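Chains as they are written, first to last, in our numbering: chain L, 1 to 427; chain R, 428 to 854.
All remarks here apply to the structure that follows.
2 protein chains.
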Amino acid sequence: MIEKRTPLPVGEAVKRVMDYSITSQKEYVSIEMTNNRFLAEDLVATHDVPSFDRSPYDGYAIRSVDTTGGSSSNPITLQVVGEIGAGFVFNGTVEQGQVVRIMTGAQIPNGCDAVVMLEVVRELGNGNIELKRTIKKGDNISYQGEDTKKGTVLVEKGTRINPGIVALLATFGYSQVPVAVKPKIGVIATGTELLDVDQDLEPGRIRNSNTHMIMAQIDRAGGEPIYFGKLADDFDTCFGAISEILSKVDVLITTGGVSVGDYDYMPAILKKLGSDILFNKVAMRPGSVTTVATLGQEKIIYGLSGNPSACYVGFELFVRPVLQRAMYSKKPHHSKTKAILAVDFPKPNPFMRLVRSKLSNEGSRIHVAPSGLDKSGVVSSLSGADCLMLLPGGTRGYEKGMEIDVLLLEDQQGSEWPWNNIVPSYK
Amino acid sequence: MIEKRTPLPVGEAVKRVMDYSITSQKEYVSIEMTNNRFLAEDLVATHDVPSFDRSPYDGYAIRSVDTTGGSSSNPITLQVVGEIGAGFVFNGTVEQGQVVRIMTGAQIPNGCDAVVMLEVVRELGNGNIELKRTIKKGDNISYQGEDTKKGTVLVEKGTRINPGIVALLATFGYSQVPVAVKPKIGVIATGTELLDVDQDLEPGRIRNSNTHMIMAQIDRAGGEPIYFGKLADDFDTCFGAISEILSKVDVLITTGGVSVGDYDYMPAILKKLGSDILFNKVAMRPGSVTTVATLGQEKIIYGLSGNPSACYVGFELFVRPVLQRAMYSKKPHHSKTKAILAVDFPKPNPFMRLVRSKLSNEGSRIHVAPSGLDKSGVVSSLSGADCLMLLPGGTRGYEKGMEIDVLLLEDQQGSEWPWNNIVPSYK
Numbered sequence: 001m002i003e004k005r006t007p008l009p010v011g012e013a014v015k016r017v018m019d020y021s022i023t024s025q026k027e028y029v030s031i032e033m034t035n036n037r038f039l040a041e042d043l044v045a046t047h048d049v050p051s052f053d054r055s056p057y058d059g060y061a062i063r064s065v066d067t068t069g070g071s072s073s074n075p076i077t078l079q080v081v082g083e084i085g086a087g088f089v090f091n092g093t094v095e096q097g098q099v100v101r102i103m104t105g106a107q108i109p110n111g112c113d114a115v116v117m118l119e120v121v122r123e124l125g126n127g128n129i130e131l132k133r134t135i136k137k138g139d140n141i142s143y144q145g146e147d148t149k150k151g152t153v154l155v156e157k158g159t160r161i162n163p164g165i166v167a168l169l170a171t172f173g174y175s176q177v178p179v180a181v182k183p184k185i186g187v188i189a190t191g192t193e194l195l196d197v198d199q200d201l202e203p204g205r206i207r208n209s210n211t212h213m214i215m216a217q218i219d220r221a222g223g224e225p226i227y228f229g230k231l232a233d234d235f236d237t238c239f240g241a242i243s244e245i246l247s248k249v250d251v252l253i254t255t256g257g258v259s260v261g262d263y264d265y266m267p268a269i270l271k272k273l274g275s276d277i278l279f280n281k282v283a284m285r286p287g288s289v290t291t292v293a294t295l296g297q298e299k300i301i302y303g304l305s306g307n308p309s310a311c312y313v314g315f316e317l318f319v320r321p322v323l324q325r326a327m328y329s330k331k332p333h334h335s336k337t338k339a340i341l342a343v344d345f346p347k348p349n350p351f352m353r354l355v356r357s358k359l360s361n362e363g364s365r366i367h368v369a370p371s372g373l374d375k376s377g378v379v380s381s382l383s384g385a386d387c388l389m390l391l392p393g394g395t396r397g398y399e400k401g402m403e404i405d406v407l408l409l410e411d412q413q414g415s416e417w418p419w420n421n422i423v424p425s426y427k
Numbered sequence: 428m429i430e431k432r433t434p435l436p437v438g439e440a441v442k443r444v445m446d447y448s449i450t451s452q453k454e455y456v457s458i459e460m461t462n463n464r465f466l467a468e469d470l471v472a473t474h475d476v477p478s479f480d481r482s483p484y485d486g487y488a489i490r491s492v493d494t495t496g497g498s499s500s501n502p503i504t505l506q507v508v509g510e511i512g513a514g515f516v517f518n519g520t521v522e523q524g525q526v527v528r529i530m531t532g533a534q535i536p537n538g539c540d541a542v543v544m545l546e547v548v549r550e551l552g553n554g555n556i557e558l559k560r561t562i563k564k565g566d567n568i569s570y571q572g573e574d575t576k577k578g579t580v581l582v583e584k585g586t587r588i589n590p591g592i593v594a595l596l597a598t599f600g601y602s603q604v605p606v607a608v609k610p611k612i613g614v615i616a617t618g619t620e621l622l623d624v625d626q627d628l629e630p631g632r633i634r635n636s637n638t639h640m641i642m643a644q645i646d647r648a649g650g651e652p653i654y655f656g657k658l659a660d661d662f663d664t665c666f667g668a669i670s671e672i673l674s675k676v677d678v679l680i681t682t683g684g685v686s687v688g689d690y691d692y693m694p695a696i697l698k699k700l701g702s703d704i705l706f707n708k709v710a711m712r713p714g715s716v717t718t719v720a721t722l723g724q725e726k727i728i729y730g731l732s733g734n735p736s737a738c739y740v741g742f743e744l745f746v747r748p749v750l751q752r753a754m755y756s757k758k759p760h761h762s763k764t765k766a767i768l769a770v771d772f773p774k775p776n777p778f779m780r781l782v783r784s785k786l787s788n789e790g791s792r793i794h795v796a797p798s799g800l801d802k803s804g805v806v807s808s809l810s811g812a813d814c815l816m817l818l819p820g821g822t823r824g825y826e827k828g829m830e831i832d833v834l835l836l837e838d839q840q841g842s843e844w845p846w847n848n849i850v851p852s853y854k
């Protein structure tokens with residue numbers, strides 16, 4: 001058991017985790033099931049858009065040359081020789097003096113080089129129309145490829161699929177879509193004090209909330225949580241269970257038992273497993289006891305704090321980017337932005353502090369305030385949090401109106417590396 | 428068929444839809460399945476938090492009176508009479524001169540009124556500890572109810588469940604959680620030109636992308652999409668199918684066929700169904716032909732444009748808030764905020780224009796730019812969109828640096844009514 005631990009700066013801890021990587025496989029799923037999945041290949045335009053010259057309006061396809069000299073004093077009469085609904089094509093070629101009635105989206109017939117809208121012609125009732133203007137070649141034609149050329153990469157591999165991307169997948173014929181297999185993340189809780197959610201409270205005990213919270217965080221991050229239950233604070237039981245679970249998953253998250261208390265067996269278990277400890281103390285609040293270890297080439301074990309807020313923050317900082325990158329994301333970290341502190345935050349920050357917070361906008365300016373009391377035991381502050389304030393270590397307190405850094409918890413844009421321009425957290 | 432239509436201002440159109448409501452039923456689902464669902468009842472604290480006086484640290488529970496006069500020159504010796512791990516309780520009462528070793532989270536034993544941290548005592552090795560300071564009553568005790576009182580409403584009915592809320596549900600014993608039944612939304616596409624996603628392109632035809640996109644939008648909005656297929660442009664076929672589908676769903680979305688072209692049967696079908704048309708033209712671009720009709724007390728029929736961008740915008744403006752409110756949301760509309768235009772947008776806006784756009788932050792200031800060309804046929808602009816710019820009708824064009832309104836597509840905060848302070852869109 002390690003009694004004296006040296007805290008690692010947060011940015012350094014994130015970097016150590018990210019230096020070690022797991023990778024998802026690719027699988028094909030039906031387009032209906034792809035919202036929120038991650039593309040495992042670039043989405044490429046498989047044809048031009050439009051794929052043929054088409055009409056953007058309901059109107060008449062014409063030969064522009066036939067309208068030469070047309071004006072209100074010199075109306076041109078043209079003969080309607082056909083009608084094309086969207087999805088149909090006109091067979092043959094339109095000859096001099098002829099037009100074809102055409103619907104929005106339909107293909108321009110051979111021989112025609114412009115479209116006139118319905119509103120600018122007069123239907124003469126005898127199969128002819130009258131036009132009182134001269135039309136230029138190309139008027140009202142959407143040309144093949146003018147929107148998108150075949151072969152263009154429209155969305156990069158590793159992008160999370162949203163409804164607009166689903167539209168592109170459908171347009172280009174991706175009925176089966178290559179997506180990253182959801183990383184399977186094992187979750188266990190340790191702690192004799194923990195009751196199941198459906199159990200009544202007992203003296204001295206609390207219900208297990210962390211694993212349910214983490215499973216929802218895994219879901220939000222795009223992974224697949226697998227719950228392996230709740231272990232008592234007993235070394236042999238924990239060791240046996242963890243060894244077995246590690247043969248089934250690539251990532252295991254445990255909560256609790258990582259501190260230096262008499263019942264905190266995780267350090268000893270990690271040692272007996274022969275794992276490499278990346279770190280076991282981070283210069284941050286909450287979550288300083290967060291432990292991350294690796295086993296062989298592709299297994300990561302997270303020992304998150306049993307404290308709910310510390311557990312939450314530990315997941316978002318150290319687990320989420322690993323999952324995102326496993327699914328090929330090029331921006332696996334939470335988006336970072338600046339925000340104006342909406343209230344005083346007088347507490348000094350000996351370590352980097354991550355405060356569960358809520359954004360609000362005033363005009364085009366982003367404001368932020370803690371979503372609850374900043375006590376790490378206060379589970380209620382998590383429910384309204386949509387960001388984490390980052391208050392660098394070694395700072396004395398912040399005043400309303402100061403500009404600070406925040407990590408956005410629900411934004412999908414992500415960032416490549418959020419830490420480079422934050423004041424070092426621990427000196 | 429209605430040939431001459433009067434465009435309704437966007438805000439008025441939204442209001443007409445929202446004056447008509449559908450309501451979800453309540454169902455109970457296991458806590459593991461609740462992320463992103465909507466609470467059908469308030470989440471209430473079913474007990475105090477903490478539910479007992481507990482220790483926030485590993486240390487010794489003491490009687491503060493025993494430490495009176497303790498200092499470095501007057502060390503106090505106390506007898507360790509027990510040890511409590513988290514989840515266990517100390518039976519009996521701690522008497523004068525006695526202490527109990529206590530772990531983080533464990534219940535304070537009877538007789539004790541303070542905790543001293545491990546670091547400040549010296550273990551004498553004979554079952555005694557030595558303390559060189561005077562401890563005040565209440566030091567290092569987390570008192571019952573100091574975080575949350577039993578009966579407090581922690582999260583309101585209608586809130587979308589996130590990982591923090593899952594933690595609260597677990598803490599308070601909600602193993603089965605009351606959530607809103609996902610509204611079932613039927614989706615059909617009309618248009619002979621449409622190919623299925625897995626079909627090869629043919630001259631004059633395009634693949635059906637709209638229904639796949641809408642199903643993903645329904646999923647994002649928290650509803651359950653049901654795809655009823657693709658109908659040809661034929662009145663009798665469409666009418667028969669739509670009549671039958673309406674007996675199975677509360678909301679039906681059709682795409683295409685709502686314009687005034689020769690093959691646009693939706694207006695006639697809505698008339699024959701005996702539905703009430705709320706509007707069939709909106710003063711907006713894209714999506715001016717958006718049609719919404721109601722049938723009886725609780726059925727809404729949306730005729731969205733066949734144009735992908737118009738279809739997308741029509742869903743987010745007119746369908747999403749109906750779904751959100753059906754699931755009890757008190758803020759069913761997209762959050763609205765201001766943003767700084769990052770590029771010139773010189774186009775005049777005869778009608779309110781909704782531009783698919785992408786946010787970026789500079790410092791704490793929100794910036795926005797179109798996510799693609801603003802041509803309503805350009806499907807590729809949808810993939811990067813995370814907001815819609817709102818450019819009021821009757822405006823001449825906007826310059827870089829101007830502050831404009833945007834609707835956030837992926838934000839979960841929502842808003843009650845986003846239109847009150849936007850310039851009227853149509854004059």
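Think of the CB as a built atom: it goes at the ideal place given N, C-alpha and C, for glycine as much as any other residue.
These numbers were taken from a predicted model, which means no experiment stands behind them.
- Chain order gives the chain L residues near residue 534(R) as 203, 204, 205, where near means a beta carbon separation below 9 Å.
- Its chain contains 339, 340, 341, 342, 357, 358, 359, 360, 387, 389, 404, 406 as the residues whose beta carbon lies nearer than 8 Å to that of residue 368(L), once the 5 sequence neighbours on both sides are disregarded; these appear in chain order.
- Counting C-beta atoms within 10 angstroms of its own C-beta, residue 551(R) has fewer than 16 neighbours from the protein chains shown and is therefore classed as exposed.
- The alpha carbon of residue 298(L) has as its nearest neighbour, out of 327(L), 251(L), 290(L), the alpha carbon of 251(L).
- Taking the beta carbon of residue 571(R) as reference, no residue of chain L falls within 9 Å; the closest one sits roughly 11 Å away.
- Counting C-beta pairs closer than 8 Å gives fewer than three between the region 510 to 524 of chain R and the region 577 to 584 of chain R, which falls short of the contact rule.
- For residue 763(R), DSSP records a beta bridge to 834(R).
- Taking a beta-carbon distance threshold of 8 Å, residue 636(R) counts as an interface residue toward chain L.
- Taking the beta carbon of residue 839(R) as reference, the chain L residues within 9 Å of it are 386, 410, listed in sequence order.
- Under the Cβ distance rule, residue 383(L) counts among the residues neighbouring chain R, one pair being separated by less than 8 Å.
- For the 8 Å CB-CB criterion, residue 492(R) and residue 510(R) do not form a contact.
- Under the 10 Å beta carbon count, residue 676(R) is surrounded by 16 or more other beta carbons and is classified as buried.
- Assignment of alpha helix (DSSP H) within the region 613 to 665 of chain R, counting only whole runs of 4 or more residues, yields 637 to 648 in chain order.
- When the Cα atoms are used, residue 843(R) and residue 606(R) turn out to be separated by approximately 21 Å.
- Within its own chain, the residues whose Cβ lies closer than 7 Å to the Cβ of residue 315(L), once the five positions on either side in sequence are excluded, are 214, 217, 304, listed in chain order.
- In this structure residue 103(L) is buried. Its beta-carbon is surrounded by 16 or more other beta-carbon atoms within 10 angstroms.
- With its beta carbon at least 8 Å from every one in chain L, residue 607(R) lies outside the interface.
- About 6 Å separates the beta carbons of residue 31(L) and residue 624(R), which is inside the 8 Å limit, making them a contact pair.
- Within the region 171 to 201 of chain L, 171, 172, 173, 174, 175, 176, 191, 192, 193, 194, 195, 196, 197, 198, 199, 200, 201 place their CB atoms closer than 9 Å to a CB of chain R, listed in sequence order.
- DSSP places residue 60(L) in the uninterrupted beta strand (DSSP E) bounded by 59 to 62.
- Assignment of residue 271(L) by DSSP, reduced to helix, strand and coil, places it in the helix class.
- Residue contact check for residue 215(L) against chain R: a CB pair falls below 8 Å.
- Between residue 221(L) and the set 75(L), 332(L), 8(L), 107(L), the nearest pair of CA atoms involves 332(L).
- Taking a C-beta distance under 8 Å as the contact criterion, residue 168(L) and residue 810(R) qualify as a contact pair.
- Of all residues in the region 446 to 473 of chain R, those with a C-beta nearer than 9 Å to a C-beta of chain L are 458, 459, 461, 462, 463, 470, 472, 473, reading in chain order.
- Judged by their CB atoms, residue 226(L) and residue 182(L) are not nearer to each other than the 8 Å cut-off.
- By the 16-neighbour rule on beta-carbons within 10 angstroms, residue 265(L) is buried.
- Linking residue 821(R) to residue 763(R) through their CA atoms gives a straight-line distance of about 20 Å.
- In this structure residue 68(L) is exposed. Its beta-carbon is surrounded by fewer than 16 other beta-carbon atoms within 10 angstroms.
- Shown here for residue 542(R): same chain residues with a beta carbon closer than 8 Å to its own, the five before and five after excluded, namely 482, 483, 484, 486, 487, 488, 489, 529, 535, 566, 567, 568 in chain order.
- With contacts defined as CB atoms closer than 8 Å, residue 628(R) and residue 47(L) qualify as a contacting pair.
- C-alpha of residue 442(R) to C-alpha of residue 412(L): approximately 30 Å in a straight line.
- When the beta-carbon positions are compared, residue 499(R) and residue 559(R) come within less than 8 Å of each other.
- When 8 Å is used as the limit between beta carbons, residue 52(L) is near these residues of chain R: 630, 631, in chain order.
- Legend: CB atoms of the region 556 to 580 of chain R lying less than 8 Å from CB atoms of chain L belong to residues 569, 574, 575.
- Comparing C-alpha distances from residue 98(L) to each of 371(L), 86(L), 113(L) shows the shortest one belongs to 113(L).
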